[in-house]
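Going by our numbering, the sequence shown opens with residue 154, and the numbers climb by one from there.
No residue lacks a Cβ here, since even glycine has one placed at the ideal position from N, Cα and C.
None of these values were measured; they are calculated from a predicted model.
Quick notes on the structure that follows.
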Amino acid sequence: MQIVPPPGVARALTVRSIVYATGSGVFQAGSAVFFTRFLGLSATQVGIGLSVAGGLTVLGSVPLGALVDRFGARRTWIVAGVLEALLFLAYPLAGSFAAFLGVACLLAVTDLLTGTAKHVYTLQALPPEERVRALAYQRSALNVGFTAGAALSGIALAVGTRSAYLTLVLANGVVLMVTAILIARLPRVATTASAPRTSFFAVLADRPFLAVSGVNGVLQAHQTLFGVVLPLWTLSRTDAPPVVVPALFMVNTVLAVVFQVRASRGSETPDGAAKALRRSGFSIAIAALLLGAAALTAGPLTIAVLALGTVMLTVGELTQSAGAWGITASVPPENRRGEYTGLFRLGGQAQQSLAPAGLTVLAVNTGGWGWLAVAALMLVAGHYAPAAVRWVLRTPRLGAVPEADPVPTLATVR
Numbered sequence: 154m155q156i157v158p159p160p161g162v163a164r165a166l167t168v169r170s171i172v173y174a175t176g177s178g179v180f181q182a183g184s185a186v187f188f189t190r191f192l193g194l195s196a197t198q199v200g201i202g203l204s205v206a207g208g209l210t211v212l213g214s215v216p217l218g219a220l221v222d223r224f225g226a227r228r229t230w231i232v233a234g235v236l237e238a239l240l241f242l243a244y245p246l247a248g249s250f251a252a253f254l255g256v257a258c259l260l261a262v263t264d265l266l267t268g269t270a271k272h273v274y275t276l277q278a279l280p281p282e283e284r285v286r287a288l289a290y291q292r293s294a295l296n297v298g299f300t301a302g303a304a305l306s307g308i309a310l311a312v313g314t315r316s317a318y319l320t321l322v323l324a325n326g327v328v329l330m331v332t333a334i335l336i337a338r339l340p341r342v343a344t345t346a347s348a349p350r351t352s353f354f355a356v357l358a359d360r361p362f363l364a365v366s367g368v369n370g371v372l373q374a375h376q377t378l379f380g381v382v383l384p385l386w387t388l389s390r391t392d393a394p395p396v397v398v399p400a401l402f403m404v405n406t407v408l409a410v411v412f413q414v415r416a417s418r419g420s421e422t423p424d425g426a427a428k429a430l431r432r433s434g435f436s437i438a439i440a441a442l443l444l445g446a447a448a449l450t451a452g453p454l455t456i457a458v459l460a461l462g463t464v465m466l467t468v469g470e471l472t473q474s475a476g477a478w479g480i481t482a483s484v485p486p487e488n489r490r491g492e493y494t495g496l497f498r499l500g501g502q503a504q505q506s507l508a509p510a511g512l513t514v515l516a517v518n519t520g521g522w523g524w525l526a527v528a529a530l531m532l533v534a535g536h537y538a539p540a541a542v543r544w545v546l547r548t549p550r551l552g553a554v555p556e557a558d559p560v561p562t563l564a565t566v567r
């Protein structure tokens with residue numbers, strides 16, 4: 154089991170990830186209660202506000218990535234991290250829907266900036282052979298932190314007072330400020346010359362890279378399958394008791410923490426990343442068939458089939474993540490990593506918008522046969538992933554220049 158990275162930048166990034174995720178987990182687990190019972194918003198207002206904020210991430214993904222390239226990953230990460238902390242500390246003052254909408258939109262922008270800057274910094278600070286593994290360590294840490302934060306959130310929710318709900322958001326704001334300090338302690342890295350200024354959307358003309366982003370977006374629908382479709386399917390179409398759903402979530406979390414680093418092996422190159430995406434498609438397809446079959450079983454066999462489907466879905470999650478990291482670590486030009494990271498994320502953002510409704514209708518509302526269509530979709534995406542990556546490798550990227558030596562300019566991480 155590998156969940157602790159060796160000393161150095163990779164470990165410092167992992168520590169930051171677990172601290173960040175703990176605060177985020179505290180807030181996310183109780184956010185609905187905070188919005189409705191503390192701010193006094195209706196469920197409809199919360200849904201509209203978060204949807205508008207989510208739409209901004211789609212529109213801003215590429216331009217904000219370009220800002221990371223222009224001003225530097227570390228500097229952007231620090232500034233955006235401080236702003237994010239201040240916005241969370243200001244959340245309790247959002248006494249109207251308009252104020253809530255404004256804070257939510259600004260938080261969506263800062264969250265996108267910090268995520269892109271963190272990813273780019275990781276790639277800049279480490280040599281090629283260590284980048285994907287470092288990202289895998291960070292993902293494992295995030296899973297641990299989110300779980301711990303959700304558990305801590307339960308204390309405030311159990312108390313059930315306005316003061317307790319207030320601690321949910323203030324605690325996250327304080328944690329985010331701490332993570333900004335941790336980011337500031339990370340070493341500066343040497344970078345290549347800035348990319349020539351072009352339109353923010355110039356990279357959208359890179360059709361091969363968009364194709365890979367699209368394939369990855371389809372495979373990334375494992376998030377929706379697990380977080381939305383599986384609970385609905387289990388509760389409405391199988392005879393499994395409701396307690397099975399949180400148990401399946403725990404299985405997923407444990408497997409992700411324990412095996413994410415191991416699953417990332419071999420994904421450091423474009424070829425290895427393509428193979429990981431192909432394995433992801435096949436694994437998710439098998440999971441879809443198993444989950445669909447759970448409606449045809451009874452008793453303990455249903456639970457066993459659901460558990461096996463969860464395991465295969467988790468394998469798909471781990472290999473999709475590894476493949477995505479391998480692509481973003483090895484394909485984009487050094488001086489446009491932010492832009493290309495934003496471009497690559499468009500596929501995932503599209504599935505977040507379309508998959509919840511589409512996959513729920515397809516898998517649940519059809520009574521079960523739709524799982525066959527889900528499996529076929531994943532098989533096709535996995536099968537064509539290597540071809541899409543080969544297309545990328547045959548074509549030049551926008552503004553490519555030789556990479557700088559990815560070694561921090563400070564000898565140690567303070």
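_Residues near residue 258 in its chain [Cβ-Cβ closer than 6 Å; skip 5 each side]_ = 206 and 209
Next on the checklist: Applying the 10 Å Cβ sphere with the 16-neighbour rule, what's the burial state of residue 565?
Outcome noted: Model confidence at residue 565 stands at a pLDDT of 36, short of 50, so the residue's coordinates are unreliable; what they give is reported in the following sentence. Per the 10 Å Cβ criterion, exposed.
request  = Provide the residue span of the alpha helix (DSSP H) that contains residue 489, from first to last.
outcome  = Neither: residue 489 is in no alpha helix (DSSP H) and is coded neither H nor E.
Quick one: is residue 456 buried, meaning 16 or more other Cβ sit within 10 Å of its Cβ, or exposed? buried
*Could you give the C-beta distance for residue 290 and residue 158, rounded to a whole number, given that I count them as a contact under 8 Å?*
Separation of the CB atoms of residue 290 and residue 158 is rounded to 4 Å, and the pair is thereby assigned contact status at 8 Å.
Just how far apart, CA to CA, sit residue 458 and residue 399?
16 Å
- Where are the alpha helix (DSSP H) runs, 4 residues long or more, that stay fully inside the region 313–386, in chain order? 315–337 and 360–372
Q: Give me the Cα-Cα distance between residue 443 and residue 410, rounded to the nearest whole angstrom.
A: If you draw a straight line from the Cα of residue 443 to the Cα of residue 410, it is about 23 Å long.
Quick one: what's got a C-beta closer than 6 Å to residue 243's C-beta in the same chain, skipping five residues either side? No residues qualify anywhere along the chain.
| request: Please list, in chain order, all residues of the same chain as residue 175 whose beta carbon is under 7 Å from its beta carbon, the five residues on each side excluded. | output: Cβ neighbours of residue 175 beyond the five flanking positions: 298, 301, 302 and 328.
Item to check | CB contact flag (residue 277, residue 387, <8 Å) | outcome: No, the Cβ-Cβ distance between residue 277 and residue 387 is not below 8 Å.
Coarse secondary structure for residue 426, derived from DSSP in three states | helix
Item to complete: My understanding is that residue 183 touches residue 253, with C-beta atoms under 8 Å, so please give their C-beta distance in whole angstroms.
Response: About 16 Å; that fails the 8 Å criterion.
task = Under 8 Å by Cβ, that's how I've got residue 267 and residue 233 pegged, so tell me the actual separation to the nearest angstrom.
result = 5 Å
(Q) Taking the alpha carbon of residue 432 as the reference point, which residue from 450, 396 and 475 has its own alpha carbon closest? (A) 475
Query - Alpha carbon of residue 271 to alpha carbon of residue 512, nearest angstrom - result: 31 Å
Distance check for residue 321 and residue 334, CA to CA, integer angstroms please. The straight-line gap from Cα to Cα measures roughly 21 Å.
- Cα-Cα separation between residue 273 and residue 337, rounded to whole angstroms: Rounded to the nearest angstrom, the two C-alpha atoms are 15 Å apart.
* Closer than 6 Å by C-beta to residue 284: which residues in its own chain qualify, once you throw out the five before and the five after it? Chain order, please. => 276 and 482
Could you name each continuous alpha helix (DSSP H) segment of 4 residues or more that falls completely within the region 435–523, going from the start of the chain to the end?
-> 453–483 and 490–512
Q) How would you write the range of the alpha helix (DSSP H) that residue 275 sits in, first residue to last? A) 250–278
Nearest-angstrom Cα distance between residue 370 and residue 414? Computed Cα separation, rounded: 21 Å.
Quiz item: Taking the alpha-carbon positions, what's the residue 505 to residue 332 distance?
Solution: 27 Å
With distances taken Cα to Cα, identify the nearest neighbour of residue 487 among 187, 218 and 178. 218
Given that a residue counts as buried once 16 or more other Cβ atoms are within 10 Å of its Cβ, and exposed if not, what is residue 485?
buried
Original post:
Should the region 460–480 be called in touch with the region 178–192, which here means at least 3 C-beta pairs below 8 Å?
Top reply: no
Host alpha helix (DSSP H) of residue 396 (start-end) = Note, residue 396: premise wrong, no alpha helix (DSSP H); not H, not E.
| said: For a test of the three-state rule: what should DSSP assign to residue 208, helix, strand or coil? | reply: helix
| message | To the nearest angstrom, how far is the alpha carbon of residue 533 from that of residue 494? | response | 24 Å
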